[in-house]
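*Asks:* The structure follows.
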Amino acid sequence: MVPPAEFRSYYGRPILKAPVWTDEVPLYYFAGGLAGASASLALGARLTGNHRLASAALTASAAGFLTSFPLLVDDLGRPARFHHMLRVFKPTSPMNMGSWLLSAAGPAAVGAALADRLGVLPRIGRAAEVLAGVLGPAVATYTGVLVADTAVPVWHEAGGDLPLVFASGAAASAGAAALLLTPAADAGPARRLAVGGAVADLASVEVMRRRLGELGEAYEARPVRRFANLARTCMTAGALAVGFAGRRRAGAVAGAALLLAGAACQRLAVHKAGFVSAADPAQVVKPQRDRLAARDGDARSG
Amino acid sequence: MSAPAQVVTFGAGYEKAARPRVGFFTDTSVCIGCKACEVACKEWNLVPEAGPIEFTGNSYDNTMTLAADTWRHVAFVEQEVPGAGAGAGALQPAGSLDLAAAAAEAAGLDVPRAADGMRWLMSSDVCKHCSSAACLEVCPTGALFRTEFGTVVVQADVCNGCGYCVPACPFGVIDRREDDGRVFKCTLCYDRLRDGMEPACARACPTDSIQFGELDELRARADRRLATLHDGGVAEARLYLRDEADGIGGAGAFFLLLDEPEVYGLPPDPVSTTRDLPKLWRAAGVAAGALVAGLAVAFAGGRR
């Protein structure tokens, strides 16, 4: 970490408060991202007449949304008041916007999956598929905004990159889940989405870490490094397995499992890096001091 | 009347109900570290114990931070100051006790001075009731709202404990109470304000380090106090969060400090995270577009 002489603090104590969120929250980022991207994958499949892929992706999407709900509600301090999220419509709160998104996309995806599985209400089912599919990209990316819209330096300063990191992982997850549930002959788009998502995830995480500069040291801390490295390994191995062996069942299953694990680990890494960052007064003070110095320099020369 | 700058709250009703904005000016140059403010706040608001008493060894500070159960926190810093110490009766670069002592000596009393080369900084920290309050802006339930006095308050019957406000606050003020599930912080004694009384901490402060009043008046008073200190040779005195051009639009509770903010545990240049929100939503839009493009490419490759 930074030697004390470079900045001053109050007994080395944190300035910010640690988030109160448990690991349920990054697991929701994973489940919700999978759910949103799967809904869009399902819509694309339906529009291209690939009905087996559409059914598989709808199932994955429904599973993702159904898992998201208890994950989010249980993390609340007062879970019985979860519906208070819809008291207001508030664009300055990504969590509020996300609640509205989930309230629309969740029931739509679950309804569409049921209609598809049971073969009932085809027109309502298709309408629900369209709604869920159109909202899917928003569901997969708003969580990046939510995380960055805080004072935590390693999250806030990555705000330009986090939505793409989350979208890439969501794409890889959705492709992987659909790959598990679709016969190989129809799974081409899922395979391509999975590999493309994994490559984009590896690239966008690398860009984010570089752009963070010194703040990126939070990802080197012990509890974070493990998940970050696991994420990278699983994503790489998963992409290779799906890319080269994805047409065979064994390769598809192994590759998909690795991609899903990689996406989950990446979100856990981002989450835990936030705790390290919030606990370090240097991460707050040094960039702010640099900003003040630059402003004073401008004022003097301007 | 100064309205909070850039208050981004929808349907908050502030404009219709607004009264003259009030707040705190905390003049740490006269704080004696008695902690009457901490006690009065806890007594009036029935704030629970913040856990078993721990002696931290950090000077006289055993609360250490603002929290769900600590709404006023007195910070203590013992500093070595080269060249400071007992000397002529005129104001000199020194800690708060020396300034009070100078006034006492001027009145003819014989007062012991701080030891050579050492001074104390003492400051009562509190929620800043920012003009651009990140906690309020990220709150998804609307529990955090702006009162008619321009202060920021949590509605305990609305809060569902999502905890989004906790990492959003650039000062690390608000926190969740573990056994309750909701978040709590200074209310600027909203109930007392509505009855025309000043907050409990301001009432209890024996040196008027904590001054309560209309924000315009407090800012003018602070400017005068700063000028007095500067004229008296206390060059390191500075106002913190007084200026509406800063990253939170100026605070409802601002300070006169005798050193850099980070020495007191305060961020030197706090900015409300909402300032960057448009950029964040745009980045999400780009990412969503990239996802759609990726899907298109995936399907363009055919069924197999």
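Residue numbers (our numbering), protein chains in the order written: chain A, 1 to 302; chain B, 1001 to 1304. The C-beta atom is built at its ideal place from N, Cα and C for all residues, glycine as well.
1. Beta-carbon separation of Arg-1072/B and Cys-1186/B under 9 Å?
2. Residues of chain A with CB under 7 Å from Arg-1176/B, in chain order?
3. Identify which residue in Gly-1161/B, Thr-1056/B, Pro-1270/B and Pro-1048/B has its Cα closest to the Cα of Arg-81/A.
4. Going along chain A in order, which residues have a C-beta closer than 7 Å to the C-beta of Leu-1277/B?
5. Alpha carbon to alpha carbon, how far is Gly-1089/B from Phe-1254/B?
6. Strictly under 9 Å for the Cβ-Cβ distance: is Phe-82/A near chain B by that measure?
7. Would you call the region 1165–1184 of chain B and the region 112–128 of chain A touching, i.e. three or more CB-CB distances under 8 Å?
8. Closest Cβ-Cβ distance between Asn-1160/B and chain A: below 9 Å?
9. Would a check of beta-carbon distances place Tyr-1240/B closer than 9 Å to chain A?
10. Would Ser-103/A be called buried (16 or more neighbouring beta carbons within 10 Å of its own) or exposed?
11. Quick check on Thr-22/A: buried or exposed, where buried means 16 or more other Cβ atoms within 10 Å of its Cβ?
12. From Val-270/A to Ala-228/A, what does the alpha carbon distance come to, in whole angstroms?
13. Return the first residue and the last residue of the alpha helix (DSSP H) that Thr-141/A is part of.
14. To the nearest angstrom, report how far apart Gly-1301/B and Ala-171/A are at their CA atoms.
15. What's the gap between the Cα of Ala-254/A and the Cα of Ala-184/A?
16. For the region 1273–1292 of chain B against the region 12–28 of chain A, do three or more pairs of beta-carbon atoms, one drawn from each stretch, fall closer than 8 Å, so that the two count as touching?
17. Going by the CB atoms, is the gap between Glu-1038/B and Thr-1070/B shorter than 9 Å?
18. Got a sec, what are the start and stop residues for the alpha helix (DSSP H) Asp-1191/B sits in?
19. Suppose you measure from the CA of Gly-243/A to the CA of Gln-283/A; what does that come to, to the nearest Å?
20. To test your reading of the DSSP string, which unbroken alpha helix (DSSP H) runs of 4 or more residues are found completely within the region 20–56 of chain A?
21. Could you spell out where the alpha helix (DSSP H) holding Ser-168/A opens and where it closes?
22. Output, in sequence order along the chain, the residues in the region 1178–1210 of chain B whose CB is closer than 8 Å to any CB in chain A.
23. In angstroms, rounded to a whole number, what distance separates the CA positions of Gly-1085/B and Trp-1120/B?
24. Hey, is Tyr-322/A's beta-carbon within less than 9 Å of any beta-carbon in chain B?
25. Do Ala-273/A and Val-154/A count as a contact pair if the criterion is CB distance below 9 Å?
26. Would DSSP call Pro-1020/B helix, strand or coil?
27. Starting from Glu-1078/B, trace the beta strand (DSSP E) both ways and give me its first and last residue.
28. Using 10 angstroms around the beta-carbon of Gly-1294/B, count the other beta-carbons present and answer buried if the total reaches 16, otherwise exposed.
29. With a threshold of 7 Å on Cβ separation, who are the neighbours of Val-1243/B within its own chain once the five nearest residues in sequence on each side are excluded?
30. How long is the line joining the alpha carbons of Ser-1123/B and Val-88/A, rounded to whole angstroms?
31. Does the beta-carbon of His-51/A have 16 or more other beta-carbons within 10 angstroms, so that it is buried, or is it exposed?
32. Grab the span of the beta strand (DSSP E) containing Val-1154/B for me, first residue to last.
33. For the region 32–61 of chain A, list every residue whose C-beta sits within 9 Å of some C-beta in chain B, in sequence order.
34. Taking 9 Å as the threshold (beta carbon to beta carbon), is Met-1122/B in contact with chain A?
35. Looking only at its chain, what residues have a beta carbon closer than 7 Å to the beta carbon of Gly-383/A, apart from the 5 residues adjacent to it on each side?
36. Under 8 Å between beta-carbons, which chain A residues line up against Val-1138/B? List them in chain order, please.
*Replies:* This is what the structure gives:
1. As a first step, residue 1072/B must be located in the second sequence, where it is residue number 72. As a first step, residue 1186/B must be located in the second sequence, where it is residue number 186. In contact: Arg-1072/B and Cys-1186/B (Cβ atoms closer than 9 Å).
2. Taking the second sequence and counting its residues from 1, one reaches residue 1176/B at position 176. Those are Val-20 and Gly-77, listed as they occur along chain A.
3. Counted from its first residue, the first sequence places residue 81/A at position 81. It is Gly-1161/B.
4. Against the second sequence, residue 1277/B aligns to sequence position 277. Chain A residues near Leu-1277/B: Thr-92 and Asp-149.
5. Along the second sequence, one-based indexing puts residue 1089/B at 89. Along the second sequence, one-based indexing puts residue 1254/B at 254. With a pLDDT of 38 at Gly-1089/B, under the threshold of 50, the modelled position of this residue cannot be trusted; read the value that follows with caution. Each residue's alpha carbon lies about 30 Å from the other.
6. In the first sequence, residue 82/A corresponds to position 82, counting from 1. Phe-82/A counts as touching chain B.
7. no
8. Locating residue 1160/B in the second sequence gives position 160, counting from the first residue. With 9 Å as the cut-off, Asn-1160/B counts as an interface residue toward chain A.
9. The count along the second sequence starts at 1 and reaches residue 1240/B at position 240. By this cut-off, Tyr-1240/B is not an interface position.
10. Residue 103/A sits at position 103 when you count from the first residue of the first sequence. It is exposed - the Cβ of Ser-103/A has fewer than 16 other Cβ atoms within 10 Å.
11. Within the first sequence, numbered from 1, the residue matching residue 22/A stands at position 22. Exposed: under 16 other Cβ atoms inside 10 Å.
12. Residue mapping note: residue 270/A aligns to position 270 of the first sequence, counting from 1. Residue mapping note: residue 228/A aligns to position 228 of the first sequence, counting from 1. Approximately 8 Å, taken between the alpha carbons.
13. The sequence position of residue 141/A within the first sequence is 141, counting from 1. Element bounds for Thr-141/A: 122–148.
14. Taking the first residue of the second sequence as 1, we reach residue 1301/B at position 301. Taking the first residue of the first sequence as 1, we reach residue 171/A at position 171. Straight-line Cα distance between these residues: approximately 16 Å.
15. Within the first sequence, the letter at position 254 stands for residue 254/A. Within the first sequence, the letter at position 184 stands for residue 184/A. If I take the Cα positions, the gap works out to 14 Å.
16. no
17. One-based indexing of the second sequence puts residue 1070/B at position 70. One-based indexing of the second sequence puts residue 1038/B at position 38. Yes, they are a contact pair.
18. Position 191 of the second sequence, counted from the first residue, corresponds to residue 1191/B. Taken as a continuous stretch (DSSP letters only), the alpha helix (DSSP H) holding Asp-1191/B covers 1190–1194.
19. As a first step, residue 243/A must be located in the first sequence, where it is residue number 243. As a first step, residue 283/A must be located in the first sequence, where it is residue number 283. Their backbone Cα atoms lie some 40 Å apart in a straight line.
20. 24–47
21. Translated into positions along the first sequence, residue 168/A becomes position 168. Unbroken alpha helix (DSSP H) run through Ser-168/A: 162–181.
22. Asp-1180, Gly-1181, Arg-1182 and Val-1183
23. The sequence position of residue 1085/B within the second sequence is 85, counting from 1. The sequence position of residue 1120/B within the second sequence is 120, counting from 1. Interpretation of Gly-1085/B is limited by its pLDDT of 46, a score under 50 that renders its predicted location unreliable; the figure taken from the coordinates is listed afterwards. When rounded, the distance between both Cα atoms is 12 Å.
24. Outside the displayed span of chain A (1 to 302) sits residue 322/A, for which this structure offers no information.
25. Locating residue 154/A in the first sequence gives position 154, counting from the first residue. Locating residue 273/A in the first sequence gives position 273, counting from the first residue. Result yes, Cβ atoms of Val-154/A and Ala-273/A sit closer than 9 Å.
26. As a first step, residue 1020/B is located in the second sequence; it is residue number 20 there, counting from the start. Looking at Pro-1020/B - three-state DSSP - the assignment turns out to be coil, as it is neither helix nor strand.
27. Counting from 1 along the second sequence, the entry for residue 1078/B is found at position 78. 1072–1080 is the extent of the beta strand (DSSP E) around Glu-1078/B.
28. As a first step, residue 1294/B must be located in the second sequence, where it is residue number 294. Its Cβ being crowded by 16 or more others within 10 Å, Gly-1294/B is buried.
29. Along the second sequence, one-based indexing puts residue 1243/B at 243. Looking at the sequence itself, residue 1243/B is Asp, so the reference to Val does not match. Counting only Cβ-Cβ distances below 7 Å, and skipping sequence neighbours, we find Gly-1250.
30. Counting from 1 along the second sequence, the entry for residue 1123/B is found at position 123. Counting from 1 along the first sequence, the entry for residue 88/A is found at position 88. If you take the alpha carbons of Ser-1123/B and Val-88/A, they lie about 38 Å apart.
31. Counting from 1 along the first sequence, the entry for residue 51/A is found at position 51. So His-51/A counts as exposed.
32. Here residue 1154/B corresponds to residue number 154 of the second sequence, with the count starting at 1. Run containing Val-1154/B: 1152–1154, per the beta strand (DSSP E) assignment.
33. Gly-36, Ala-37, Ser-40, Leu-41, Leu-43, Gly-44, Ala-45, Leu-47, Thr-48, Gly-49, Asn-50 and Leu-53
34. Within the second sequence, residue 1122/B is the residue found at index 122, counting from 1. Judged by the 9 Å Cβ criterion, Met-1122/B is not in contact with chain A.
35. Residue 383/A is absent from the structure shown; chain A starts at 1 and stops at 302.
36. In the second sequence, the residue the question calls residue 1138/B occupies position 138. Simply Thr-92, Ser-93, Pro-94, Met-95, Asp-149 and Thr-150.
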